[in-house]
Amino acid sequence: MNETIEQRVRAVDEAMAAPPRAFAIAGATLVDARGVVGHHDGRGSDGWIVAGDDGTILATGTGRDGFDAARREAGVADADVVDAAGMIAVPGYVDIHAHGAWGSSFDDGEAGIRRARAGHMWNGTTRQVLSLITNPLDEMCDNLATVRALMPSRPDILGSHLEGPFLAMSRKGAHAPECLKDPEPQYVEALLAAADGTLRQITIAPELPHGLEAIRTFAAAGTVPAVGHCDADYATAKRAFDAGAGLMTHMFNAMNGLHHREPGPIPAAIEDKRVHVELINDGFHVDDPMVRLAMDLAGERTVFVTDAMAATGCPDGRYKLGSLDVDVVGGHARLVSNGAIAGSTLLVEQAVGRAVLELGIAPARAVEAATLAPARALRLDRPNLVTGAPLGLLAPSHAADVLLLDPATWTPRHVYAAGRRIR
Numbered sequence: 032m033n034e035t036i037e038q039r040v041r042a043v044d045e046a047m048a049a050p051p052r053a054f055a056i057a058g059a060t061l062v063d064a065r066g067v068v069g070h071h072d073g074r075g076s077d078g079w080i081v082a083g084d085d086g087t088i089l090a091t092g093t094g095r096d097g098f099d100a101a102r103r104e105a106g107v108a109d110a111d112v113v114d115a116a117g118m119i120a121v122p123g124y125v126d127i128h129a130h131g132a133w134g135s136s137f138d139d140g141e142a143g144i145r146r147a148r149a150g151h152m153w154n155g156t157t158r159q160v161l162s163l164i165t166n167p168l169d170e171m172c173d174n175l176a177t178v179r180a181l182m183p184s185r186p187d188i189l190g191s192h193l194e195g196p197f198l199a200m201s202r203k204g205a206h207a208p209e210c211l212k213d214p215e216p217q218y219v220e221a222l223l224a225a226a227d228g229t230l231r232q233i234t235i236a237p238e239l240p241h242g243l244e245a246i247r248t249f250a251a252a253g254t255v256p257a258v259g260h261c262d263a264d265y266a267t268a269k270r271a272f273d274a275g276a277g278l279m280t281h282m283f284n285a286m287n288g289l290h291h292r293e294p295g296p297i298p299a300a301i302e303d304k305r306v307h308v309e310l311i312n313d314g315f316h317v318d319d320p321m322v323r324l325a326m327d328l329a330g331e332r333t334v335f336v337t338d339a340m341a342a343t344g345c346p347d348g349r350y351k352l353g354s355l356d357v358d359v360v361g362g363h364a365r366l367v368s369n370g371a372i373a374g375s376t377l378l379v380e381q382a383v384g385r386a387v388l389e390l391g392i393a394p395a396r397a398v399e400a401a402t403l404a405p406a407r408a409l410r411l412d413r414p415n416l417v418t419g420a421p422l423g424l425l426a427p428s429h430a431a432d433v434l435l436l437d438p439a440t441w442t443p444r445h446v447y448a449a450g451r452r453i454r
């Protein structure tokens, strides 16, 4: 197993170090947030995609004639044409909240980032925000700087997410209590300086003494604040969203639940059309009826996230989440100290697959929750300074992030990221 992982880490590193190449896919059913394209004739599908050597999609469509013309215009070599043979083509998955995989976390320096990132890339997460756990502030600043330094050579890394240290003690979950802080201005400025423009989002309990002030500061700096790990009531959550918070961190988990006389923060997020809500669809963090309810209530603002920790893609056993010991049993991670849920071992492809195959969610809606919705939440669904080309759709001018999925299992068979073929 270790040898296979090492080979795959090298393959991802080499692919991302190479320039993008023009490529084409024929014979696919195309699925993105806009719907399903591709005619089934009993032998397969006729949807196609052509991407240029600039790492963007040039054209999509159906029918052989249009495909041949687009391929010629792009100069796609025969070796770079894939016959999808009826597989499902979707945009590459975007995970805005994950901590690690393949035995490493995103707090483990450059080597750990490369290994953990490869674990998600191999399984279809073509772009990822690297979530950093609560640690001493200077260590968190060092970790932010490490992510920032890697980004110029790794277009698949979108930046950082700080899950902490500005969390409610009563809702800390798997975060070291001795490292939690009120977001006083000097701490906020230190983190922003270390990230130097690469902090995409930060989870904050808005009821903390400096919570709302910190939300305003982060939002003004271009970071998307997320309400979570909090004891906020409905009114406080509304004030947080008015102050600039645009996300809710893993809705239902580590926050006040729904109550008919004490509604808490969840209805505030659902009501506010500016706010996207994260959802961990693994059947463990949130029961299936609540997943369906959340998707009905939040609609296109639902974002599938994994909250995946280092044990993702690994056997059950003892692992670390920051400085805390975690036992993984049956694929479920819990703190050794008190049994609290400690992240997940989920992959985005599993979240999408179970939404379609087990929960009966329409394919376009499930795919949207893993592609366009997370891109939209971080304003990456349009031309931007982070990725250049927009993310989240199989459409001209968008990033050439494409997955080919087995239609029976919805698992990735081929992965393209920023115009590089990963597998």
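Residue numbers (this note's numbering): 32 to 454. Ideal Cβ positions, reconstructed from N, Cα and C, are used throughout, including at glycine.
Under a CB-based cut-off of 8 Å, is residue 267 close to chain C? No chain C is present in this structure, which holds just one protein chain.
Could you say which of 270, 358, 122, 338 lies nearest to residue 370 if we only look at CA atoms? For this step, residue 370 is matched to residue 339 along the sequence shown. Residue 358 is the option with its Cα nearest to residue 370.
Assuming contact is defined by CB atoms lying nearer than 8 Å, are residue 311 and residue 328 in contact in what I supplied? What you label residue 311 is simply residue 280 of the sequence shown in a count that begins at 1. What you label residue 328 is simply residue 297 of the sequence shown in a count that begins at 1. The answer is no: Cβ separation not under 8 Å.
Beta-carbon within less than 7 Å of residue 87's beta-carbon, same chain only, minus the 5 sequence neighbours each way: which residues are those? Mapped onto the sequence shown, residue 87 falls at position 56. Contacts found: 420, 428, 429, 430, 431.
Near residue 376, what residues of its chain come up, given a Cβ to Cβ distance below 6 Å and the 5 sequence neighbours on each side ignored? For the purposes of this step, residue 376 is identified with residue 345 of the sequence shown, where counting begins at 1. Excluding residues within five positions, the ones whose Cβ falls inside 6 Å are 342, 343, 362.
With 16 other Cβ atoms within 10 Å as the buried cut-off, status of residue 37: Position 6 of the sequence shown, counting from 1, holds the residue named residue 37. With fewer than 16 other Cβ atoms within 10 Å, it is exposed.
6 Å Cβ shell around residue 313 - same chain, five flanking residues per side excluded: Counting from one through the sequence shown, the residue named residue 313 turns up at place 282. So the list reads 375, 377, once near-sequence residues are dropped.
Quick check: what's the CA-CA separation for residue 1 versus residue 130? No statement about residue 1 is possible, as the shown extent of the chain runs from 32 to 454 and does not include it.
Would you kindly work out how many angstroms separate the C-alpha atoms of residue 382 and residue 337, rounded to a whole number? What you label residue 382 is simply residue 351 of the sequence shown in a count that begins at 1. What you label residue 337 is simply residue 306 of the sequence shown in a count that begins at 1. Using only the alpha carbons, I get a separation of about 8 Å.
Spatially closest choice to residue 214 from 205, 198, 392, 412, by CA coordinates: Counting from 1 along the sequence shown, the entry for residue 214 is found at position 183. Residue 198 is the option with its Cα nearest to residue 214.
Do you know whose CA, among 222, 78, 200, 210, lies nearest residue 259's CA? Here residue 259 refers to the residue found at position 228 when the sequence shown is read from its first residue. With distances taken between Cα atoms, residue 259 lies closest to 200.
State the DSSP-derived secondary structure class of residue 375, mapped to helix, strand or coil. Numbered from 1 along the sequence shown, position 344 holds the residue referred to as residue 375. Looking at residue 375 - three-state DSSP - the assignment turns out to be strand.
Just the Cα atoms here: how many angstroms apart are residue 447 and residue 209? Residue 447 sits at position 416 when you count from the first residue of the sequence shown. Residue 209 sits at position 178 when you count from the first residue of the sequence shown. Rounded to whole angstroms, residue 447 and residue 209 show a C-alpha spacing of 42 Å.
Would residue 121 and residue 416 qualify as a contact pair, given that the criterion is a beta-carbon distance under 8 Å? Looking up residue 121 in the sequence shown gives position 90. Looking up residue 416 in the sequence shown gives position 385. It is not a contact, given that the beta carbons lie outside the stated cut-off.
Give me the residue from 85, 91, 239, 96 with the minimum Cα distance to residue 78. Mapped onto the sequence shown, residue 78 falls at position 47. Of the candidates 85, 91, 239, 96, the one whose C-alpha sits nearest the C-alpha of residue 78 is 91.
Are the CB atoms of residue 178 and residue 234 nearer to each other than 8 Å? Mapped onto the sequence shown, residue 178 falls at position 147. Mapped onto the sequence shown, residue 234 falls at position 203. Cβ atoms of residue 178 and residue 234: not closer than 8 Å.
Considering only residues of the same chain and omitting the five flanking positions on each side of residue 6, which have a CB-CB separation below 8 Å? A question about residue 6 goes unanswered here, because the residues of the chain that appear run from 32 up to 454.
Tell whether a beta-carbon distance below 8 Å holds between residue 81 and residue 423. As a working mapping, residue 81 is identified with position 50 in the sequence shown. As a working mapping, residue 423 is identified with position 392 in the sequence shown. No, these two residues do not count as a Cβ contact at 8 Å.
Cβ neighbours of residue 261 in the same chain (closer than 7 Å, five flanking residues each side left out): Taking the sequence shown and counting its residues from 1, one reaches residue 261 at position 230. Correct list, in chain order: 199, 202, 236, 237, 238, 286, 296.
Which residues share a DSSP beta bridge with residue 232? The residue labelled residue 232 in the question sits at position 201 within the sequence shown. Looking at the DSSP assignment, residue 232 forms a beta bridge with 192, 255.
Neighbourhood of residue 340 by C-beta, 6 Å cutoff - its chain only, sequence neighbours within 5 removed: Position 309 of the sequence shown, counting from 1, holds the residue named residue 340. Taking C-beta separations shorter than 6 Å and ignoring five residues to either side along the sequence, the partners of residue 340 in its chain run 130, 131, 352, 364, 374, following chain order.
Could you tell me how far apart the beta carbons of residue 146 and residue 40 are, in whole angstroms, since I believe they sit closer than 8 Å? In the sequence shown, the residue the question calls residue 146 occupies position 115. In the sequence shown, the residue the question calls residue 40 occupies position 9. Correct: roughly 5 Å between the Cβ atoms.
Express the C-alpha separation of residue 277 and residue 293 in angstroms, rounding to a whole number. Looking up residue 293 in the sequence shown gives position 262. Looking up residue 277 in the sequence shown gives position 246. Those two C-alpha atoms are separated by around 22 Å.
Determine the closest residue to residue 83 out of 63, 280, 108, 94, with distance taken between C-alpha atoms. Position 52 of the sequence shown, counted from the first residue, corresponds to residue 83. Among 63, 280, 108, 94, the Cα nearest to that of residue 83 belongs to 108.
Proximity winner among 414, 189, 264, relative to residue 289 (alpha-carbon distances): As a first step, residue 289 must be located in the sequence shown, where it is residue number 258. Residue 289 has its Cα closest to that of 264, out of 414, 189, 264.
On the DSSP bridge assignment, give the partners of residue 348 in chain order. Taking the first residue of the sequence shown as 1, we reach residue 348 at position 317. Answer by DSSP bridge pairing, in chain order: 359.
Which first and last residues belong to the beta strand (DSSP E) in which residue 455 is found? Residue 455 lies beyond the stretch modelled for the chain, which goes from 32 to 454, so this question has no answer here.
Is residue 207 closer than 8 Å to residue 366 when the C-beta atoms are compared? By 1-based counting over the sequence shown, the position of residue 366 is 335. By 1-based counting over the sequence shown, the position of residue 207 is 176. Cβ distance not < 8 Å, so residue 366 and residue 207 don't count as in contact.
Beta-carbon proximity list for residue 284, same chain, < 6 Å, skipping 5 on both sides: Walking along the sequence shown from the start, residue 284 turns up at place 253. Excluding positions up to five away in sequence, the list reads 316.
Do you know offhand how far residue 270's Cα is from residue 246's? In the sequence shown, the residue the question calls residue 270 occupies position 239. In the sequence shown, the residue the question calls residue 246 occupies position 215. Approximately 10 Å, taken between the alpha carbons.
Thinking C-alpha only, which one of 100, 123, 62 is nearest residue 151? Here residue 151 is taken as the residue at index 120 of the sequence shown, counted from 1. When 100, 123, 62 are compared, the shortest CA-CA separation from residue 151 is found for 123.
Tell me the start and end of each unbroken alpha helix (DSSP H) in the segment 237-309 that is at least 4 residues and wholly inside, in chain order. Correct list: 242-251, 265-274, 296-302.
Cβ-heavy atom distance between residue 170 and the ligand COA below 7 Å? The model on display carries no ligand, and the ligand COA is accordingly not part of it.
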